[in-house]
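**Student:**
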Amino acid sequence: MRTKWFSQGFVIVAAVLLLAATASAVAPGRVEIRGKIDAIVAAPPSITVMGQVVDVDPATVIMDDKLVPPVPMTFAGLLVGDTVHVQANATPLPDGSFMAVQLDRENEQELEDVEIRAAIDAITPNGLGGGTFVVSWMTVTADATTAILRRKATVMSFADLAVGKIVEVKGKTQAAGVFLASRVKIEDALDRKNVDVTAGVHGLGDDFVMEMGQKVKLGKNTVIFGRHNKKLSFAEIQLEDRVHVEAVEHVGGVLVSKKLTDDRAAARGKHVAGRIQAKTADTIKVGGKVFQIPAATQMEDRLGRKVGLNKLRRGMEVEVEFITIGTNRVARGIVGR
């Protein structure tokens, strides 16, 4: 049976603006998904990404962005486990799938830390001192490597967890789709309907999709902030941005955001900080590494004001967020320090 992202009342229809380092703005009426391919069906051709089925037809453009420059590739060249960026028509097909307009195979990204603070809804011990528990939409695995603490760093055990307790969980989604906690901290009580979560944006539409396929709706009073508490619009949220969401959990597990903070310096890309050692018309050198600067690279001074490449000078302190494409380092964002 095909998974429908809108099965909980979410129909993803939007004009989404993508400002990734190697892409331009996406046309209205598109939806974007980024993640690993979970399954491939040869005929009729389709892939499943983050539980969502995406159909492919002869008009779908398929590119291999792992090569420089990117080159066209065939559907047969895609493999389960590949990381892909999907641009699809926002109107779902009758069976709940989306029709892909373009698929880009990308370099695999490192697993990202995810943080969530919410009440425990269910617990399943495994009899070995660990087990799983559910917070909001997330099923969390705790094993011998998981540190379980409470205030003042008091060491606790899995047996100290209980339904209704508020916990702050930090961990990573493993390759097999299991969310493994590195740390669980038992908190003082708060409203059980409040959920705080910090994670990457994996899908964009009218609302957006976070870790493990959780959808977040924007309320009519949702406020969005960026770096230096600068107010943003939803159109400025990008795939792979790392966001902190303060939300209320409604019926059916729907998260309705009250406040959204998008700190692009903490996004999934890699980071280098230091002085600019050299500069050309389209590159800078920081920390002994050369970074390409395409037109889509976002640049800000230390006060959060947008600037152009002409404002960067040798000797300036900057932080560079970048991705690696082939043998090239491509800057997604440059921020003055």
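Residues in the sequence shown are numbered from 122 upward in steps of one, following our numbering.
All C-beta atoms in this analysis are idealised placements derived from N, C-alpha and C, irrespective of residue type, glycine included.
1) Within 10 Å of its beta-carbon, does H206 have 16 or more other beta-carbons around it, so buried, or fewer, so exposed?
2) Quick one: Cα of Q208 to Cα of A180, how far?
3) What first and last residue would you give for the beta strand (DSSP E) that runs through K104?
4) Would you please state the rounded distance, in angstroms, between the beta carbons of E421 and V428? I believe it to be under 8 Å.
5) Excluding the 5 residues preceding and the 5 following L199 in the sequence, name in chain order all residues of the same chain whose CB lies nearer than 8 Å to its CB.
6) Going by beta carbon distance, what residues of the same chain come within less than 6 Å of N210, once the five residues before and after it are set aside?
7) To the nearest whole angstrom, what separates the beta carbons of R155 and H365, a pair I think is in contact under 8 Å?
8) Between the beta-carbon of K379 and the beta-carbon of G340, is there less than 8 Å?
9) Quick one: Cα of R238 to Cα of G321, how far?
10) Would G425 and D383 be called neighbours here (beta carbons separated by less than 8 Å)?
11) Grab me the residues of I345's own chain with a C-beta within less than 6 Å of its C-beta, minus the 5 sequence neighbours each way, in chain order.
12) Could you compute how far the alpha carbon of V393 sits from the alpha carbon of E442?
13) Using CA atoms only, rank isn't needed, just tell me which of D203, D185 and G202 is closest to T195.
14) Could you give the distance in angstroms between the alpha-carbon of V318 and the alpha-carbon of N449?
15) Let me check understanding here. Comparing Cα to Cα, which of V255, V174 and A164 lies closest to E153?
16) Suppose you measure from the CA of A263 to the CA of I244; what does that come to, to the nearest Å?
17) Hey, V305 and I358 are a contact pair by Cβ (cut 8 Å); roughly how many whole angstroms apart?
18) Helix, strand or coil: which one does DSSP assign to D176?
19) Taking the continuous beta strand (DSSP E) assigned at V170, which residues delimit it?
20) Go through the region 205-239 residue by residue and report every complete run of the beta strand (DSSP E) that reaches 3 residues or more, in order.
21) Could you spell out the range, first to last residue, of the beta strand (DSSP E) harbouring R304?
22) Please name the residue in V177, M171, M277 and P190 whose C-alpha comes closest to that of L214.
23) May I have the straight-line CA-CA distance separating M437 from F355, to the nearest angstrom?
24) Leaving out five residues before and five after Q335 in sequence, what residues of the same chain have Cβ atoms less than 6 Å from its Cβ?
25) Candidates A402, S218 and E236: which alpha carbon is nearest G292's?
26) Could you please give the first and the last residue of the uninterrupted beta strand (DSSP E) stretch that includes D317?
27) Less than 8 Å between the beta carbons of A368 and V316, yes or no?
28) Going by Cα to Cα distance, which pick from N342, G252, V288 and R271 is closest to L513?
29) So, helix, strand or coil for N247, using DSSP?
30) Buried or exposed: where does D328 fall if 16 or more other Cβ atoms within 10 Å of its Cβ makes it buried?
**Tutor:** Put simply:
1) Against the sequence shown, residue 206 aligns to sequence position 85. By the 10 Å Cβ count, H206 comes out buried.
2) Residue numbering aside, residue 208 sits at position 87 when the sequence shown is read from its first letter. Residue numbering aside, residue 180 sits at position 59 when the sequence shown is read from its first letter. The alpha-carbon atoms of Q208 and A180 are separated by roughly 13 Å.
3) The question about residue 104 has no answer, for the chain in this structure spans 122 to 458.
4) The residue you call residue 421 lines up with position 300 of the sequence shown. The residue you call residue 428 lines up with position 307 of the sequence shown. So it is a contact: roughly 7 Å between Cβ atoms.
5) Position 78 of the sequence shown, counted from the first residue, corresponds to residue 199. Here the set comprises I158, I161, I168, I183, V205, L224 and R226.
6) Looking up residue 210 in the sequence shown gives position 89. Closer than 6 Å at the Cβ level, and outside the excluded window around N210, lie M220.
7) As a first step, residue 155 must be located in the sequence shown, where it is residue number 34. As a first step, residue 365 must be located in the sequence shown, where it is residue number 244. Contact flag wrong, Cβ pair sits at about 19 Å.
8) The residue given as residue 379 occupies position 258 in the sequence shown. The residue given as residue 340 occupies position 219 in the sequence shown. In contact: K379 and G340 (Cβ atoms closer than 8 Å).
9) Here residue 238 corresponds to residue number 117 of the sequence shown, with the count starting at 1. Here residue 321 corresponds to residue number 200 of the sequence shown, with the count starting at 1. Here the alpha carbon of R238 sits roughly 15 Å from the alpha carbon of G321.
10) Here residue 425 refers to the residue found at position 304 of the sequence shown. Here residue 383 refers to the residue found at position 262 of the sequence shown. No; because the gap between Cβ atoms is not below 8 Å, this pair is not in contact.
11) Within the sequence shown, residue 345 is the residue found at index 224, counting from 1. Within the same chain, I345 has close Cβ partners L353 and L381.
12) Position 272 of the sequence shown holds residue 393. Position 321 of the sequence shown holds residue 442. About 7 Å.
13) On the sequence shown, position 74 is the one that residue 195 refers to. Measuring from the Cα of T195, the nearest candidate turns out to be D185.
14) Translated into the one-based positions of the sequence shown, residue 318 becomes position 197. Translated into the one-based positions of the sequence shown, residue 449 becomes position 328. Computed Cα separation, rounded: 33 Å.
15) Taking the sequence shown and counting its residues from 1, one reaches residue 153 at position 32. Among V255, V174 and A164, the Cα nearest to that of E153 belongs to V174.
16) Here residue 263 refers to the residue found at position 142 when the sequence shown is read from its first residue. Here residue 244 refers to the residue found at position 123 when the sequence shown is read from its first residue. Near 11 Å, if we compare the C-alpha coordinates of I244 and A263.
17) Here residue 305 is taken as the residue at index 184 of the sequence shown, counted from 1. Here residue 358 is taken as the residue at index 237 of the sequence shown, counted from 1. Between I358 and V305 the Cβ distance is about 29 Å, and since that is not below 8 Å, they are no contact.
18) Within the sequence shown, numbered from 1, the residue matching residue 176 stands at position 55. Looking at D176 - three-state DSSP - the assignment turns out to be strand.
19) Position 49 of the sequence shown, counted from the first residue, corresponds to residue 170. Segment S167 to V170, the beta strand (DSSP E) holding V170.
20) 219-227
21) Locating residue 304 in the sequence shown gives position 183, counting from the first residue. Residues F300 to I307.
22) Reading the sequence shown from its first residue, position 93 is the one you call residue 214. Of V177, M171, M277 and P190, the residue nearest in Cα terms is V177.
23) Counting from one through the sequence shown, the residue named residue 437 turns up at place 316. Counting from one through the sequence shown, the residue named residue 355 turns up at place 234. A direct Cα-Cα distance of roughly 31 Å separates M437 from F355.
24) Here residue 335 refers to the residue found at position 214 when the sequence shown is read from its first residue. Answer for Q335: W258, listed in chain order.
25) Here residue 292 refers to the residue found at position 171 when the sequence shown is read from its first residue. Selected option, being the one with the closest Cα: E236.
26) On the sequence shown, position 196 is the one that residue 317 refers to. Segment N315 to G321, the beta strand (DSSP E) holding D317.
27) If you number the sequence shown from 1, residue 368 lands on position 247. If you number the sequence shown from 1, residue 316 lands on position 195. Their beta carbons are under 8 Å apart, which means A368 touches V316 by this criterion.
28) The requested residue 513 does not occur in the structure, where the chain is confined to residues 122 to 458.
29) On the sequence shown, residue 247 is found 126 positions in, with the first residue counted as 1. Coil at N247, not helix or strand.
30) Position 207 of the sequence shown, counted from the first residue, corresponds to residue 328. By the neighbour-count rule (16 or more Cβ atoms within 10 Å), D328 is buried.
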